[in-house]
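Report on one structure; see the data block that follows.
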DNA sequence: AACTCGCCGATCGTACATTATTTGTCAACA
DNA sequence: TGTTGACAAATAATGTACGATCGGCGAGTT
């Protein structure tokens, strides 16, 4: 396994020239999401090719894919620019999630089995035991928690949207510390969610997940503001 | 000028055989959405290049973009396959729209000016005067109608999602006749929507647009079923 | 029958050619 | 003198061609 996200701010070392391929995409995507490249900055294929130690074709294809996902905007014969990943972007995504996730959750309440509830509780116990000690582990547990609810939903398109949005938000908030207040809220909302599933209260569960998403978005935006100065 | 649009056996639409401006991307996308290429069919770059009269690079880039948008799935060193565009796909998209459009509409009710209402009524008058006589013209008018409501929304991401979904649905339903019952419903829902905007009834408007989307999706799915046999 | 080797086909990466856009220079003119 | 226009050179995107590499598949050997 040779996928090491050898970062590389503005200027990269051409040291490792072998391998790569699809990871050019990941590199560019990460650079955009994490704000290493500035908003609306022009992305020249030749320059990127030099930086990443490949030729132009992989760059071009990666840019096209990113365009399809909406991370860069391209105008004919004028190349690509990075879409600004700012507070508005986070707000936009979170607002969409505040529409989608409650709907997915509502469905889950009508579908969950006793085993599902127990699994949710098990994961939640792990999360609380970990108590935000390891960012990576916490993120994985949290992912499992929500995946358990969404993964079996029939609307694959909506779930994919959720996955993509979650990836983006995670990439943005990676490295941020989670405030104590937010930590408490996360645990509370998860517990409330489980209770609603147990009680078969679909509306309550939807409301809880709505607050969960909203709080998460708010927290990320506030962290972004802090980082700006 | 060496652009000879060398088309193309069974698969191409003869209507625009020499449209140079039509990009490779649009061609492939249309072929997928309209079902001209079968679900899960393999998309070989060399073959497509031959069919569309270009070399392989434009094809590769178009495929990458389509991958970003979710129309094809690609596995490393094994190329691209078509994501099936079936009833489930339409249902998934419509369900998402049934979440997003009401939210956008709700915002519009709180934002609309007198001039907006008048413009809506003007467009609606045109739609009714046309009375589904010309599919293309009707589609454009309908687009203007909804664009007027959504285009100024602050959540660009949500609006883009709407635009993309609308494009897909339009491409699928293009060529289908609209049933008389559906025609009546469309007009009624538009009028109801305008009335709610006038009365500043956000909830009513959201409900109306929800029914509008749901009805539209149902209609498309039923047409797809008819075409299947 | 299972495993290996080598061929075929297709993708992936590199290099090059072409075309479009931007930039810079200079001269004509008010 | 400052502005504008055209034209030329640079810059970068788009398109073409080709070799390298990987995965599948069947023949042949043990």
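Residue numbers (my numbering), protein chains in the order written: chain W, 270 to 498; chain F, 270 to 498. Glycine included, every Cβ here is placed at the ideal spot set by N, Cα and C.
Spatial distance of residue 493 of chain F from residue 298 of chain F (CA atoms): The alpha-carbon atoms of residue 493 of chain F and residue 298 of chain F are separated by roughly 18 Å.
Distance between residue 486 of chain F and residue 500 of chain W (C-alpha atoms, nearest Å): The structure shown has nothing for residue 500 of chain W, since chain W only spans 270 to 498.
Contacting residues, own chain, Cβ-Cβ under 7 Å from residue 453 of chain W (five flanking each side not counted): Short of 7 Å from the beta carbon of residue 453 of chain W, and not among the five residues preceding or following it, lies no beta carbon of its own chain.
Host beta strand (DSSP E) of residue 342 of chain F (start-end): 341–344
Residue 349 of chain F (DSSP reduced to helix, strand or coil): strand
Simplified DSSP state of residue 487 of chain F, which is helix, strand or coil: helix
Contact test: residue 462 of chain F Cβ vs the ligand MN heavy atom, cutoff 7 Å: This structure simply doesn't include the ligand MN, nor any ligand for that matter.
Neighbour list for residue 424 of chain F in chain W, Cβ cutoff strictly below 8 Å: 360, 361, 364 and 365
Chain F contacts made by the region 313–338 of chain W, where a contact means CB separation under 8 Å: 326, 329, 330, 331, 333, 334, 335, 336, 337 and 338
The region 460–471 of chain F touching the region 365–382 of chain F, judged by at least three CB pairs closer than 8 Å: yes
Below-8 Å beta-carbon distance, residue 377 of chain W vs any chain F residue: no
Within-8 Å CB hit, residue 368 of chain F to chain W: yes
Residues that residue 398 of chain F contacts on chain W, provided the C-beta gap is smaller than 9 Å: Neighbours of residue 398 of chain F on chain W: none; closest Cβ ~35 Å, over 9 Å.
Under 8 Å by beta carbon: chain F residues contacting residue 429 of chain W: In chain order, 339 make up the part of chain F whose C-beta sits under 8 Å from the C-beta of residue 429 of chain W.
Residues that DSSP places opposite residue 312 of chain W in a beta bridge: Looking at the DSSP output, residue 312 of chain W bridges to W:349.
Coarse secondary structure for residue 354 of chain W, derived from DSSP in three states: coil
Residue 402 of chain F classed as buried or exposed, judged by whether at least 16 other C-beta atoms fall within 10 angstroms: exposed
Test: residue 440 of chain W CB closer than 8 Å to a CB of chain F: no
Simplified DSSP assignment, three categories, for residue 422 of chain F: coil
Proximity of residue 451 of chain F and residue 488 of chain F at Cβ, strictly below 8 Å: Yes. Within cutoff.
Inter-residue spacing [alpha-carbon to alpha-carbon] between residue 434 of chain W and residue 411 of chain W: 15 Å
Span separating the alpha-carbon of residue 430 of chain F from that of residue 385 of chain F: 23 Å
Three-state secondary structure (DSSP) of residue 473 of chain W: helix
Classification of residue 345 of chain F by the beta-carbon crowding that lies within 10 angstroms, buried from 16 upward: exposed
Pairwise C-alpha distance: residue 326 of chain W and residue 324 of chain F: 13 Å
Test: residue 372 of chain F CB closer than 8 Å to a CB of chain W: Yes, because at least one Cβ of chain W sits closer than 8 Å to the Cβ of residue 372 of chain F.
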